[in-house]
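According to numbering that gives the first Met the number 0, the residues represented by the sequence shown are 0 to 390, in order.
Backbone N, C-alpha and C fix where the C-beta goes; we use that ideal spot for every residue, glycine too.
Scroll down for the structure; my scribbles are underneath it.
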Amino acid sequence: MTCPGLNAGGPSAIADALSAVDCLSAQTTAAAFSRLFGGEGMLTMVLTMALTLYVGIFALGLLTGRSSLGISSLTPRMMGLGLVLTFATSWVAYSQVIWNLLAGGPDWIASLLLGIKGSASQAFAQRLDEVFMQIANAAEAAQQQAAGDKKGTTPGDLLSYAALLLLLGTVGVLVTCRIALAALLAVGPVFLVLALFNGTRGLFEGWVKTAVMFALAPMFATLIGAGSVAMLGPVAASLEGGDVSIHEAATVFVAAAVHCALMAMALKLVSSLTSGWRIGFAKPGPHTGNRTDQTADPKMLHQTGTGPIAAAGNSAAPIIRDDRIRAVVAATSQPHGEGAAAASARIINLPGVAIQGASPAFAAPAPADSRLRDIARNPRRKAAASIKESL
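Structure below.
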């Protein structure tokens with residue numbers, strides 16, 4: 000298949016340039032794929048070595064106990080290995096999925112949004128060619144009228160600058176993004192293989208984000224540029240009379256400058272969207288839950304008396320070390336008929352705290368000590384007594 004050449008002097012220069020770039024990009028990507036891992040692949044041996052190393056690392060992890068042999072660990076590895084082998088060695092799968100998704104998917108979305116049958120970028124380029132030719136013809140006519148006038152900037156000069164801005168803003172975004180995307184897709188199989196290893200997975204993530212950025216940039220440029228061309232169309236159509244004033248030329252120049260700025264904003268918009276994208280492959284570890292007993296400081300738990308409810312024999316629970324609180328808890332929780340030895344050996348559970356090994360001096364109150372009984376019956380007295388003793 001022979002791609003069409005660039006026709007710079009024709010009435011549809013921008014549309015022909017996009018068609019030629021699309022055709023050349025597809026042919027270049029197919030040729031690069033065949034030279035990497037295809038039938039004429041020069042890196043087939045490297046791919047075999049990489050896959051052997053991947054399986055060997057997993058086997059070594061099983062031998063050393065760092066990896067587990069189960070469905071949760073084998074399923075993502077086998078699926079990843081199968082997808083890499085499929086897309087890195089089959090041009091049919093690579094072109095039908097990755098190429099069509101990145102090169103044709105955004106343009107199809109733009110066609111749906113604009114209500115256009117066919118390619119949205121081609122329709123936008125054809126409409127922009129019409130505006131460009133109107134401005135260029137008006138600029139040429141204005142320059143011929145002002146051939147003997149040497150009063151600085153003329154309306155023809157402003158119209159010429161406006162035509163250059165339109166050409167730069169459109170070709171500078173649509174054509175360059177398509178060329179960059181074709182270059183990324185040409186080396187895509189290499190980055191697909193790098194996705195297998197943890198050490199090189201960051202390169203694969205960077206490739207995906209950059210490819211998505213250059214794929215979405217023409218879509219936003221088409222959507223934003225369609226609005227600016229719709230506003231610029233009536234102004235450019237009014238220039239066909241031949242006599243162009245400096246006011247009309249300045250209006251066209253400002254509109255073309257706004258169009259060029261909108262194209263730059265489309266690139267900035269896509270860059271901001273993809274820069275905040277995080278592709279997560281790491282699995283949460285067995286000890287990465289939101290548990291307060293793992294994240295809290297043990298010293299603070301001992302000082303404040305807060306933490307999980309400890310069961311009997313759980314030494315990880317915080318221990319109350321204040322003798323006054325220990326005495327109050329022992330007095331309120333000891334049933335009648337238990338001795339001091341039994342009370343001192345008990346483990347008392349409270350919401351958020353656990354008390355172990357109460358000292359014999361505060362294990363149980365003396366029968367004649369009515370102060371502890373009053374504190375146990377009235378919580379307000381208990382708090383007041385604790386404040387008084389602290390003072």
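Rounded to whole angstroms, residue 177 and residue 103 show a C-alpha spacing of 11 Å. Boundaries for residue 116: no alpha helix (DSSP H) harbours it, and the DSSP string shows neither H nor E there. Following the DSSP letters along the chain, one finds residue 228 inside the alpha helix (DSSP H) bounded by residues 200 to 236.
About 18 Å separates the Cβ atoms of residue 170 and residue 235, ruling out a contact at the 8 Å cut-off.
For residue 216, the number of other beta carbons within 10 angstroms of its own is at least 16, and it is reported as buried. In the structure shown, residue 90 adopts helical secondary structure according to DSSP, grouped into three states. The beta-carbon distance between residue 273 and residue 172, rounded to whole angstroms, is 16 Å. This is too long to meet the 8 Å contact definition. The three-state secondary structure of residue 68, taken from DSSP, is coil. Here residue 242 is exposed, its C-beta having fewer than 16 other C-beta atoms within 10 Å. In the DSSP annotation of this structure, the continuous segment of the alpha helix (DSSP H) that includes residue 176 starts and ends at 154 to 185. By the neighbour-count criterion, in which a residue is buried when 16 or more other Cβ atoms sit within 10 angstroms of its Cβ, residue 143 is exposed. Of the candidates 40, 206 and 58, the residue whose Cα lies closest to the Cα of residue 277 is 206.
In the three-state reduction of the DSSP assignment, residue 2 falls in the coil class. In this structure, DSSP gives residue 31 a helical state, which the three-state scheme calls helix.
Assigned with DSSP and collapsed to three states, residue 197 falls in coil, not helix or strand. With fewer than 16 other Cβ atoms from the protein chains shown falling within 10 Å of its own Cβ, residue 61 counts as exposed. In terms of Cβ geometry, residue 245 and residue 154 form a close pair [threshold 7 Å]. Residue burial annotation: residue 271 is exposed, with fewer than 16 other C-beta atoms found within 10 angstroms of its C-beta. Residue 87 and residue 191 do touch by the CB rule: their CB atoms are close to 5 Å apart, below 8 Å.
By a beta-carbon distance limit of 8 Å, residue 134 does not contact residue 109. Their separation comes to about 24 Å.
Taking a C-beta distance under 7 Å as the contact criterion, residue 98 and residue 32 do not qualify as a contact pair. In the structure shown, residue 243 adopts coil according to DSSP, grouped into three states.
Beyond the five residues adjoining it in sequence on each side, residue 115 comes within less than 6 Å, by CB distance, of 122 in the same chain, given in chain order.
When the alpha-carbon of residue 119 is set against those of 23, 107 and 128, the nearest one is in 107.
A distance below 7 Å between beta-carbons, with the five flanking residues on each side excluded, links residue 112 to the following residues of its chain, in chain order: 222. Contact between residue 79 and residue 195 holds, with the beta-carbon distance rounding to 6 Å and staying under 8 Å.
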